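Colleague: Below you'll find the structure I mean.
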Amino acid sequence: MNLPRTLVIAALLTAAPAVAQGTQLVRGDVDAIQNTAGRFQLDCTHIPLVSTTVNLQQLHDASRQQNIDYEMQVRNVGTATAPILDVVSATAIPEFFGMGNLRFGRSETWEVFGTPGARTWIFVDVPANALFIPLGAAGTWLLSPAALPLAQGTISPLGRFQTSFTMPTIPALVGQIITSQAVILDGTTLTISHPDCKDVRAN
Numbered sequence: 001m002n003l004p005r006t007l008v009i010a011a012l013l014t015a016a017p018a019v020a021q022g023t024q025l026v027r028g029d030v031d032a033i034q035n036t037a038g039r040f041q042l043d044c045t046h047i048p049l050v051s052t053t054v055n056l057q058q059l060h061d062a063s064r065q066q067n068i069d070y071e072m073q074v075r076n077v078g079t080a081t082a083p084i085l086d087v088v089s090a091t092a093i094p095e096f097f098g099m100g101n102l103r104f105g106r107s108e109t110w111e112v113f114g115t116p117g118a119r120t121w122i123f124v125d126v127p128a129n130a131l132f133i134p135l136g137a138a139g140t141w142l143l144s145p146a147a148l149p150l151a152q153g154t155i156s157p158l159g160r161f162q163t164s165f166t167m168p169t170i171p172a173l174v175g176q177i178i179t180s181q182a183v184i185l186d187g188t189t190l191t192i193s194h195p196d197c198k199d200v201r202a203n
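For the sequence shown, this note's numbering assigns the number 1 to the initial residue and increments by one for each residue that follows.
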């Protein structure tokens, strides 16, 4: 299954209901934009976050103290191609997807947590390609349709899927940020994870 393209098609089919509902579910963290005062973006993307109903600084600070992300209800007050997300509400959730580090020649473990027996896929991209493709209750696809599949598998009876990845030695990639999302399919229920990201390092 070419899941990214499937997600894009689903987004087109569900765009009208998503607008009618007024808000969209986005999973992710609140990241402070460097060298600015009081400006925030969705972590691992360049999508700005604003809010008049929740304190984004408090959300940012809380997630630095413990391993949490947020399920946020948002309204896109920008455009489809240049989204600006107005955060209406936010609920803390445990992180259920994590990238391993990207260091040359080192095998690192990536993990997805979910219902035993569910299928999962992991995709990678770069933040510059980030899109805002709302998919209703499943969440929001934040990579591009051309995101590369890294791994797929079945969540174990222990409630986790693990895969190992060794970053190839490509010096030109040092400092490049790679972003990723996981998708979980439990029966007919689709869940899109928060994005995660790491920078490529030589060691």
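We put the beta carbon where it would ideally sit given N, CA and C, even for glycine.
Remember, predicted model here, so these are calculated numbers, not experimental data.
#1: When the Cα atoms are used, what is the spatial distance from Asp43 to Gln24?
#2: As a quick exercise: from Ser156, Val50 and Val74, pick the residue whose alpha carbon is nearest that of Gly117.
#3: I want to know whether the region 184 to 194 touches the region 26 to 33 - three or more CB-CB distances under 8 Å.
#4: For Val112, which beta-bridge partners are listed by DSSP?
#5: Could you please give the first and the last residue of the uninterrupted beta strand (DSSP E) stretch that includes Ser180?
#6: In angstroms, rounded to a whole number, what distance separates the CA positions of Arg39 and Ile84?
#7: By Cβ distance, which residues of its chain are closer than 6 Å to Phe161, with the 5 residues on each side in sequence left out?
#8: Over the uninterrupted beta strand (DSSP E) stretch that includes Asp196, give me the two end residues.
#9: Nearest-angstrom Cα distance between Ala182 and Pro171?
#10: So what does DSSP say about Thr34, is it helix, strand or coil?
#11: Closest to Asn76 by CA distance: which of Ser107, Leu49 and Gln176 is it?
#12: Considering only their Cβ atoms, is the gap separating Arg64 from Asn203 smaller than 8 Å?
#13: When you compare each of Phe97, Gln66, Leu59 and Thr79 to Leu124 by their alpha carbons, which one comes out closest?
#14: Classify Asp125 as helix, strand or coil using the three-state DSSP reduction.
#15: What are the start and end residues of the alpha helix (DSSP H) that includes Leu148?
#16: For the beta strand (DSSP E) that Arg64 lies in, which residues bound it at each end?
#17: Which term fits Leu148, buried or exposed, when burial requires 16 or more other beta carbons within 10 angstroms of its beta carbon?
#18: Hey, quick one: how far does the beta strand (DSSP E) through Phe40 stretch, first residue to last?
#19: Excluding the 5 residues flanking Ala20 on each side, which residues of the same chain have their C-beta closer than 7 Å to its C-beta?
#20: Do Asn55 and Glu95 have their beta-carbon atoms positioned less than 8 Å apart in this structure?
#21: Over what stretch of residues does the beta strand (DSSP E) that includes Val50 continue unbroken?
Modeller: Looking at the atomic coordinates:
#1: Position 43 of the sequence shown, counted from the first residue, corresponds to residue 43. Position 24 of the sequence shown, counted from the first residue, corresponds to residue 24. Near 17 Å, if we compare the C-alpha coordinates of Gln24 and Asp43.
#2: Against the sequence shown, residue 117 aligns to sequence position 117. Cα-wise, what sits closest to Gly117 is Ser156.
#3: The region 26 to 33 and the region 184 to 194 touch, with three or more beta-carbon pairs separated by less than 8 Å.
#4: In the sequence shown, the residue the question calls residue 112 occupies position 112. DSSP output for Val112 lists Phe97 and Phe161 as bridge partner(s).
#5: Within the sequence shown, numbered from 1, the residue matching residue 180 stands at position 180. Where Ser180 is concerned, the enclosing beta strand (DSSP E) stretches over Ile177 to Asp186.
#6: Stepping through the sequence shown from its first residue, residue 39 is reached at position 39. Stepping through the sequence shown from its first residue, residue 84 is reached at position 84. One C-alpha to the other measures close to 12 Å.
#7: Here residue 161 corresponds to residue number 161 of the sequence shown, with the count starting at 1. Cβ neighbours of Phe161 beyond the five flanking positions: Val112, Thr120, Gly153 and Ile155.
#8: By 1-based counting over the sequence shown, the position of residue 196 is 196. Where Asp196 is concerned, the enclosing beta strand (DSSP E) stretches over Asp196 to Arg201.
#9: As a working note, residue 182 is residue 182 in the sequence shown. As a working note, residue 171 is residue 171 in the sequence shown. The C-alpha of Ala182 lies about 27 Å from the C-alpha of Pro171.
#10: In the sequence shown, counting from the first residue as 1, residue 34 sits at position 34. Note on identity: in this sequence residue 34 is Gln, with Thr being the wrong assignment. In the three-state scheme derived from DSSP, where H, G and I count as helix and E and B as strand, Gln34 is classed as coil.
#11: In the sequence shown, residue 76 corresponds to position 76, counting from 1. Of Ser107, Leu49 and Gln176, the residue nearest in Cα terms is Leu49.
#12: Working through the sequence shown from its first residue, we reach residue 203 at position 203. Working through the sequence shown from its first residue, we reach residue 64 at position 64. For Asn203 and Arg64, no; Cβs fall outside 8 Å.
#13: For the purposes of this step, residue 124 is taken as residue 124 along the sequence shown, with counting starting at 1. Per the sequence shown, residue 124 should be read as Val rather than Leu. Distances from the alpha-carbon of Val124 to those of Phe97, Gln66, Leu59 and Thr79 put Phe97 closest.
#14: Looking up residue 125 in the sequence shown gives position 125. Strand, per DSSP.
#15: In the sequence shown, counting from the first residue as 1, residue 148 sits at position 148. In the DSSP assignment, Leu148 falls outside any alpha helix (DSSP H) and lies within the beta strand (DSSP E) extending over Leu148 to Thr154.
#16: As a position in the sequence shown, residue 64 is number 64, starting the count at 1. Membership of Arg64 in any beta strand (DSSP E) is not indicated; the residue belongs instead to the alpha helix (DSSP H) covering Leu56 to Gln65.
#17: Reading the sequence shown from its first residue, position 148 is the one you call residue 148. Classification for Leu148: exposed.
#18: For the purposes of this step, residue 40 is taken as the residue at position 40 of the sequence shown. Under the DSSP assignment, Phe40 falls in the beta strand (DSSP E) whose first and last residues are Phe40 to Leu42.
#19: Walking along the sequence shown from the start, residue 20 turns up at place 20. Note that Ala20 scores 44 on pLDDT, short of 50, meaning its location in the model is unreliable; the coordinates nonetheless yield the value given after this. Closer than 7 Å at Cβ, skipping near neighbours: no residue.
#20: Here the question's residue 95 lines up with position 95 in the sequence shown. Here the question's residue 55 lines up with position 55 in the sequence shown. Taking C-beta atoms as the reference points, Glu95 and Asn55 fail to come closer than 8 Å.
#21: As a working note, residue 50 is residue 50 in the sequence shown. Element bounds for Val50: Pro48 to Val50.
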